[in-house]
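A.B. asks: Here you go, one structure.
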Amino acid sequence: MTGTTAPKTVLLVEDDDVVRQLTVEVLEEFGYQVHAMGDGPSALDALRDGTVFDLLMSDIGLPGMDGRELVEAARQLRPTLPVLFASGYNERELLEEVRARDTEAPTDSIVKPYDLNLLATRLNELAGG
Numbered sequence: 216m217t218g219t220t221a222p223k224t225v226l227l228v229e230d231d232d233v234v235r236q237l238t239v240e241v242l243e244e245f246g247y248q249v250h251a252m253g254d255g256p257s258a259l260d261a262l263r264d265g266t267v268f269d270l271l272m273s274d275i276g277l278p279g280m281d282g283r284e285l286v287e288a289a290r291q292l293r294p295t296l297p298v299l300f301a302s303g304y305n306e307r308e309l310l311e312e313v314r315a316r317d318t319e320a321p322t323d324s325i326v327k328p329y330d331l332n333l334l335a336t337r338l339n340e341l342a343g344g
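Positions in the sequence shown are counted from 1; adding 215 to them yields our numbering.
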């Protein structure tokens, strides 16, 4: 048996099918195991089922339950789960608001389209990947 560790697991929540699939491919190329969901309620079901996740990566602009609401609900289930918000807009104010309330776990954001080097850095910082 070698000293390798299991790949880090990311719960990805993205409502756009194309963006979700491309992000899955990038994350898998980075060596992550990815569980991809198209909406907040599905992501919460995945968190409830006992699967261990090292990071929640969520679009902010989800229909119905937006990314902020998803993270608030996810924190009830997994208070220390790191979060990486993704958005097509600069969402610094929202990120500041979430960080102010969410002091138990690391939270960061990245703007789409992703700079792949920046994405890799943020993932490594948050998930230890």
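Glycine residues also receive a C-beta, built at the ideal position from the N, C-alpha and C atoms. Since the model is a prediction, treat every value here as computed from it, not as a measurement.
#1: Between which residues of its own chain and Ile325 is the CB-CB distance below 7 Å, once the five residues before and five after are set aside?
#2: Note down the Cα distance separating Pro294 from Glu319, rounded to an integer number of angstroms.
#3: So the candidates are Arg283, Gly279, Ile275 and Ala258; which of them puts its Cα closest to the Cα of Val225?
#4: May I ask you to list the residues that DSSP assigns as paired with Asp323?
#5: Do the segment 274 to 294 and the segment 244 to 252 touch if we need at least three Cβ pairs shorter than 8 Å?
#6: How far does the alpha helix (DSSP H) with Ala335 in it reach, from first residue to last?
C.D. replies: Quick answer:
#1: If you number the sequence shown from 1, residue 325 lands on position 110. Counting only residues of its own chain and dropping the five nearest sequence neighbours on each side, Ile325 has a CB closer than 7 Å to the CB of Leu299, Ala301, Leu333, Leu334 and Arg337.
#2: As a working note, residue 294 is residue 79 in the sequence shown. As a working note, residue 319 is residue 104 in the sequence shown. In this structure, the alpha-carbon of Pro294 lies about 7 Å from that of Glu319.
#3: Residue mapping note: residue 225 aligns to position 10 of the sequence shown, counting from 1. It is Ala258.
#4: Here residue 323 refers to the residue found at position 108 when the sequence shown is read from its first residue. Residue pairing for Asp323: DSSP places it in a beta bridge opposite Leu299.
#5: As far as the Cβ criterion goes, the segment 274 to 294 does not touch the segment 244 to 252, which means the pair count is below three.
#6: Against the sequence shown, residue 335 aligns to sequence position 120. That run of the alpha helix (DSSP H) goes Leu331 to Ala342.
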